[in-house]
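Engineer: Take this structure first; my questions come after.
Residue numbers (the working numbering), protein chains in the order written: chain A, 1 to 293; chain B, 294 to 573.
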């Protein structure tokens, strides 16, 4: 073994050992579990039962309902994140805007606050009697208060509002970075040619933003699809009556509240495969990783 | 004044109006928490939307430290976060360097593997680790918690350290080698200091992974004296009628270091993100 190999090993081994112990081994252990009947009742005496847990996943109606909700959740959130984020970035990028650093700092705050606190705080703001949202609705909009956390649709909407709030700053920051990389001469040339504001946006801004935004949107989709904190804490574990779950909160409940370990492991694998397909599709499309190797 | 100028002024006015209103809506939840943390106990459930409440008091903050285990949770969370941060920085700075500077068999697989971990649903690793921790009798221990947090933070940290090392010219180390440094010295004396921005992000990211984490801690820590901040705050929130003020005061105290760190480091963070990293 030469010195170089030794050096690589010394540097890589600790991290690889840890990653193997906490990622690779659990990953395969999870796959084994997904073929087993392990639950609280069969914790020590579990055995391999083949594809039964997977059959259960795909034959239960809930899976499809929750999957659909997850798609709605992801789609609505990411659309709002991108639209709000890009719009704010365009405003913050205007040269005439004063107090730019103040606006920028304040608008980034939702990203900086720990997600757990965001979720719990919004949950308290959605409280029927004392939450700020209903007080505002009653006082200024003269509408009757909404039972945010007691009805499925409203509770799900409350989760989405919370997540939109915490997610737009990331897109704003990425878009701002993209906007700042656009050479000013392009706009000046367009002005000389008499281009309208819309034409400038469509033909200069959008083409420059696209390569920056696509990887960010890919990440946004994966994070949002996978975001357990918000749904779990805003709806308090899927309340009312498990009607507000997305896939990750549904599987978390199956594992840790219902102790259906084998089933939860199988569902985890299914969720992972769904995300893998989405991820590969976008990564291929954006070629985000090509430069990395 | 011509029409063009009027149009410009109107546009400016609309811009300011929009951004001011939007900013206010954005920071309102934070103002709301500040307001609740300052309410006197008998006005906790008031329906007033004032930011500074009548008879504002710091009682919630005093009570938080004198008659609840908040300080205990703060110490617990600080300890866990500090260990995760140290582990994260040590492991990611070395592994990232090896991945950046050397070609070896399986390197591509490691890089793709790291990316794939980002697509794991939370339970994918949490459930098997949880069962392993039960079998190893590591439930209700920080070791178990730290293992899970490290596994969450490490892939991103390694990936982003590697991306940053890639931007540091190899010629710097070659020069150091000619000057008589060995490979380790070249890394330690030349590259390591240059990678400071990336190290800072790695540190911040690993710290934040642990600092106010709930879903993992809620499963692994069941003994009250081991509770970390997020579990404690959740308890306050659950009994909103009586402990809302405590929740508000506590969550502000928990958020302030996180927010400050984030804002100070946001410059590094943004340049780090654009340098081919995968997670913010």
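Yeah, the Cβ is synthetic: ideal placement off N, Cα and C, and Gly gets one too.
What you are looking at is a predicted structure, and each value in this text was computed from that prediction instead of being measured.
Check whether the Cβ of residue 305 of chain B lies closer than 8 Å to any Cβ atom in chain A.
Structural biologist: Within the second chain, residue 305 of chain B is the residue found at index 12, counting from 1. Yes, residue 305 of chain B counts as interfacial toward chain A.
Engineer: Flag residue 511 of chain B as yes when its Cβ comes closer than 7 Å to any non-hydrogen atom of the ligand SAH, and as no otherwise.
Structural biologist: The ligand SAH is absent from the structure shown, which contains no ligand whatsoever.
Engineer: Within 10 angstroms of its Cβ, does residue 383 of chain B collect 16 or more other Cβ (buried), or is it exposed?
Structural biologist: Locating residue 383 of chain B in the second chain gives position 90, counting from the first residue. Looking at its Cβ environment, which holds fewer than 16 other Cβ atoms inside 10 Å, residue 383 of chain B is exposed.
Engineer: Grab me the residues of residue 66 of chain A's own chain with a C-beta within less than 6 Å of its C-beta, minus the 5 sequence neighbours each way, in chain order.
Structural biologist: Counting from 1 along the first chain, the entry for residue 66 of chain A is found at position 66. The answer, listed in chain order, is 245, 247 and 250.
Engineer: Under 8 Å between C-beta atoms, does residue 391 of chain B make it to chain A?
Structural biologist: Start at 1 with the first residue of the second chain, and residue 391 of chain B comes out as number 98. Judged by the 8 Å Cβ criterion, residue 391 of chain B is in contact with chain A.
Engineer: What number of angstroms, rounded off, separates the C-alpha of residue 241 of chain A from the C-alpha of residue 552 of chain B?
Structural biologist: The count along the first chain starts at 1 and reaches residue 241 of chain A at position 241. The count along the second chain starts at 1 and reaches residue 552 of chain B at position 259. Between residue 241 of chain A and residue 552 of chain B, the C-alpha separation is close to 35 Å.
Engineer: Suppose contacts are defined by Cβ-Cβ distances below 8 Å. Is residue 547 of chain B in contact with residue 522 of chain B by that definition?
Structural biologist: Residue 547 of chain B sits at position 254 when you count from the first residue of the second chain. Residue 522 of chain B sits at position 229 when you count from the first residue of the second chain. Result yes, Cβ atoms of residue 547 of chain B and residue 522 of chain B sit closer than 8 Å.
Engineer: Of all the residues that make up the segment 41 to 69 of chain A, which are near chain B by a beta-carbon distance shorter than 7 Å?
Structural biologist: Correct list: empty, as no residue qualifies.
Engineer: Taking residue 537 of chain B as the reference, give the member of B/303, B/297 and B/336 with the closest Cα.
Structural biologist: The residue labelled residue 537 of chain B in the question sits at position 244 within the second chain. Comparing Cα-Cα distances from residue 537 of chain B to each of B/303, B/297 and B/336, the minimum goes to B/336.
Engineer: Answer yes or no: does any C-beta atom of chain B fall closer than 8 Å to that of residue 16 of chain A?
Structural biologist: For the purposes of this step, residue 16 of chain A is taken as residue 16 along the first chain, with counting starting at 1. Residue 16 of chain A counts as touching chain B.
Engineer: Which word fits residue 59 of chain A, buried or exposed, when buried means at least 16 other C-beta atoms lie within 10 angstroms of its C-beta?
Structural biologist: Translated into the one-based positions of the first chain, residue 59 of chain A becomes position 59. It is exposed - the Cβ of residue 59 of chain A has fewer than 16 other Cβ atoms within 10 Å.
Engineer: On the premise that residue 209 of chain A lies in contact with residue 175 of chain A, defined as a C-beta separation below 8 Å, what is that separation, rounded to the nearest angstrom?
Structural biologist: The residue given as residue 175 of chain A occupies position 175 in the first chain. The residue given as residue 209 of chain A occupies position 209 in the first chain. Contact holds; Cβ gap of about 6 Å.
Engineer: Please report the distance separating the alpha-carbon of residue 369 of chain B from that of residue 539 of chain B.
Structural biologist: In the second chain, residue 369 of chain B corresponds to position 76, counting from 1. In the second chain, residue 539 of chain B corresponds to position 246, counting from 1. Residue 369 of chain B and residue 539 of chain B: Cα-Cα distance of roughly 18 Å.
Engineer: Give me the subset of the segment 451 to 480 of chain B whose CB atoms are less than 9 Å from a CB atom of chain A, sorted by chain position.
Structural biologist: Those residues of the segment 451 to 480 of chain B that come within reach of chain A (Cβ to Cβ, closer than 9 Å) are 451, 452, 455, 456, 459, 475, 476, 477 and 480.
Engineer: Spell out the partners DSSP gives residue 48 of chain A in its beta bridges.
Structural biologist: By 1-based counting over the first chain, the position of residue 48 of chain A is 48. Answer by DSSP bridge pairing, in chain order: A/36.
Engineer: Here's a check: name, in chain order, each residue in its chain whose Cβ is nearer than 8 Å to the Cβ of residue 598 of chain B, leaving out the five neighbours to either side.
Structural biologist: In this structure chain B extends from 294 to 573, so residue 598 of chain B is not present and cannot be described.
Engineer: Output, in chain order, the set of chain A residues within a Cβ distance shorter than 8 Å of residue 325 of chain B.
Structural biologist: Stepping through the second chain from its first residue, residue 325 of chain B is reached at position 32. Ordered by position in chain A, the residues that pass the 8 Å Cβ test against residue 325 of chain B are 121, 125 and 132.
Engineer: So with CB distances below 7 Å, who are the chain B contacts of residue 19 of chain A?
Structural biologist: Locating residue 19 of chain A in the first chain gives position 19, counting from the first residue. Chain B residues near residue 19 of chain A: 447.
Engineer: Could you check how far apart the C-beta atoms of residue 63 of chain A and residue 57 of chain A are, in whole angstroms? I think they sit under 8 Å.
Structural biologist: What you label residue 63 of chain A is simply residue 63 of the first chain in a count that begins at 1. What you label residue 57 of chain A is simply residue 57 of the first chain in a count that begins at 1. So it is a contact: roughly 6 Å between Cβ atoms.
Engineer: Of all Cβ atoms in chain B, is any one closer than 8 Å to the Cβ of residue 11 of chain A?
Structural biologist: Counting from one through the first chain, the residue named residue 11 of chain A turns up at place 11. Judged by the 8 Å Cβ criterion, residue 11 of chain A is in contact with chain B.
Engineer: Is residue 195 of chain A helix, strand or coil by DSSP?
Structural biologist: The residue given as residue 195 of chain A occupies position 195 in the first chain. In this structure, residue 195 of chain A counts as coil in the three-state DSSP scheme.
Engineer: List the residues of chain B whose Cβ lies closer than 8 Å to the Cβ of residue 109 of chain A, in chain order.
Structural biologist: Working through the first chain from its first residue, we reach residue 109 of chain A at position 109. Under the 8 Å cutoff, chain B gives 319, 320, 323 and 552.
Engineer: Would you kindly check if the distance between the Cβ of residue 108 of chain A and the Cβ of residue 32 of chain A is under 8 Å?
Structural biologist: Within the first chain, numbered from 1, the residue matching residue 32 of chain A stands at position 32. Within the first chain, numbered from 1, the residue matching residue 108 of chain A stands at position 108. It is not a contact, given that the beta carbons lie outside the stated cut-off.
Engineer: Look up residue 186 of chain A in the DSSP assignment and say whether it is helix, strand or coil.
Structural biologist: Numbered from 1 along the first chain, position 186 holds the residue referred to as residue 186 of chain A. In the structure shown, residue 186 of chain A sits in a helix (DSSP, three-state: H, G or I).
Engineer: Does residue 75 of chain A have its Cβ less than 8 Å from a Cβ in chain B?
Structural biologist: Numbered from 1 along the first chain, position 75 holds the residue referred to as residue 75 of chain A. Judged by the 8 Å Cβ criterion, residue 75 of chain A is not in contact with chain B.
Engineer: Going by beta carbon distance, what residues of the same chain come within less than 8 Å of residue 362 of chain B, once the five residues before and after it are set aside?
Structural biologist: Position 69 of the second chain, counting from 1, holds the residue named residue 362 of chain B. Excluding positions up to five away in sequence, the list reads 517, 518, 520 and 525.
Engineer: If the criterion is Cβ atoms closer than 8 Å, does the pair residue 396 of chain B and residue 120 of chain A meet it?
Structural biologist: Translated into positions along the second chain, residue 396 of chain B becomes position 103. Translated into positions along the first chain, residue 120 of chain A becomes position 120. Result no, Cβ atoms of residue 396 of chain B and residue 120 of chain A do not sit closer than 8 Å.
Engineer: Hey, residue 390 of chain B and residue 542 of chain B: beta-carbon distance below 8 Å or not?
Structural biologist: As a position in the second chain, residue 390 of chain B is number 97, starting the count at 1. As a position in the second chain, residue 542 of chain B is number 249, starting the count at 1. Their beta carbons are not under 8 Å apart, which means residue 390 of chain B does not touch residue 542 of chain B by this criterion.
Engineer: Return the residues of the segment 324 to 349 of chain B that lie within a Cβ-Cβ distance of less than 7 Å from chain E, sorted by chain order.
Structural biologist: Included in the structure are the protein chains A and B, with no chain E among them.
Engineer: Going along chain A, which residues have a C-beta under 9 Å from residue 508 of chain B?
Structural biologist: Your numbering for residue 508 of chain B matches position 215 in the second chain. Those are 116, 228, 229, 232, 233, 252 and 256, listed as they occur along chain A.
Engineer: Within 10 Å of its beta-carbon, does residue 306 of chain B have 16 or more other beta-carbons around it, so buried, or fewer, so exposed?
Structural biologist: Start at 1 with the first residue of the second chain, and residue 306 of chain B comes out as number 13. When all chains shown are included, residue 306 of chain B counts as exposed.
Engineer: For a contact meaning CB atoms closer than 7 Å, what does residue 486 of chain B contact in chain A?
Structural biologist: In the second chain, counting from the first residue as 1, residue 486 of chain B sits at position 193. Here the premise fails: no neighbours, minimum Cβ distance about 17 Å.
Engineer: Is there a C-beta anywhere in chain A that falls below 8 Å from the one on residue 421 of chain B?
Structural biologist: The residue you call residue 421 of chain B lines up with position 128 of the second chain. Chain A contact via Cβ: present.
Engineer: Please list the partners that residue 136 of chain A has in chain B, where partner means a Cβ-to-Cβ separation under 7 Å.
Structural biologist: Counting from 1 along the first chain, the entry for residue 136 of chain A is found at position 136. Neighbours of residue 136 of chain A on chain B, chain order: 342.
Engineer: Of the residues A/51, A/200, A/40 and A/7, which one's Cα is nearest the Cα of residue 257 of chain A?
Structural biologist: On the first chain, residue 257 of chain A is found 257 positions in, with the first residue counted as 1. Residue A/40 is the option with its Cα nearest to residue 257 of chain A.
Engineer: Any chance the segment 117 to 131 of chain A sits against the segment 321 to 338 of chain B, with 3 or more Cβ pairs inside 8 Å?
Structural biologist: Yes: the two stretches touch, three or more of their Cβ pairs being nearer than 8 Å.
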